[in-house]
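Asks: In terms of the working numbering, the numbers along the sequence shown are unbroken and rise by one, the last being 1084. Structure incoming, see below.
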Amino acid sequence: MPADQVCLQCGKCCERWGWDQKGIVEDLIPWLEKNRTDILQHVSIRLSHGKRVSGTAITAGDLSRIVRIYYWQDTAGRKMRECPFFGRDEEGDALCAIHDVKPRVCREFTPWTWQNHEFYGNCPACREKAP
Ligand code: SF4
Ligand code: SF4
């Protein structure tokens, strides 16, 4: 499969792997700069003293104290088993509500370059045929 294979926007990856993912500090920076509390409220963060807080509770000054970032949580702090930003349009095509600022784990999801069988077998862009 060529490296320039394009995503078919079926949404299977968001439904199947769009939760229980780990983030990186760089994901948080634009959300903090743009005051994206709509996103930060769904981020769970463990700080160096062991406390777990919502993304809405941190500032840029806390970034160096972050040990782990988890996607996603509900507004009560409970782990979610779906991505709160995933949706579909009227034709059924996948939509990401935070496409322009989505986390790296989503931006860099290109399983056709990975040779990973779990992803490779479930992503239709990794096959010769459309879904
Ligand atoms: S499963 Fe593959 S084709 Fe479908 S949206 Fe994800 S990357 Fe694109
Ligand atoms: S943030 Fe967007 S790309 Fe990432 S899992 Fe959710 S809907 Fe999919």
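Every residue, glycine too, gets a C-beta built ideally from N, C-alpha and C. Remember, predicted model here, so these are calculated numbers, not experimental data.
Give the range of the beta strand (DSSP E) segment to which Ile1019 is assigned.
Replies: Taken as a continuous stretch (DSSP letters only), the beta strand (DSSP E) holding Ile1019 covers 1019-1024.
Asks: Output the distance between the C-alpha atoms of Tyr1073 and Asn988, rounded to the nearest integer angstrom.
Replies: Approximately 36 Å between the Cα atoms of the pair.
Asks: Rounded to whole angstroms, what's the CA-CA distance from Ser1007 to Glu1035? Just pull it up for me.
Replies: C-alpha separation (whole angstroms): 17 Å.
Asks: Alpha carbon to alpha carbon, what distance is there between Arg1018 and Lys1004?
Replies: Looking at the two C-alpha atoms, the distance is approximately 11 Å.
Asks: If you draw a straight line from the alpha carbon of Gly1030 to that of Asp1042, how long is it in whole angstroms?
Replies: Spanning the two alpha carbons is a distance of roughly 28 Å.
Asks: Rounding to the nearest angstrom, what Cα-Cα distance links Ile982 and Ala1078 in this structure?
Replies: Each residue's Cα considered, the two are about 31 Å apart.
Asks: Between Cys966 and Cys1076, which are expected to be in contact by the criterion C-beta below 8 Å, what is the C-beta distance as a whole number of angstroms?
Replies: Contact flag correct, Cβ pair sits at about 6 Å.
Asks: Just the C-alpha distance for Lys1032 and Ile1051, rounded to the nearest angstrom, thanks.
Replies: Taking the straight line from one Cα to the other gives about 19 Å.
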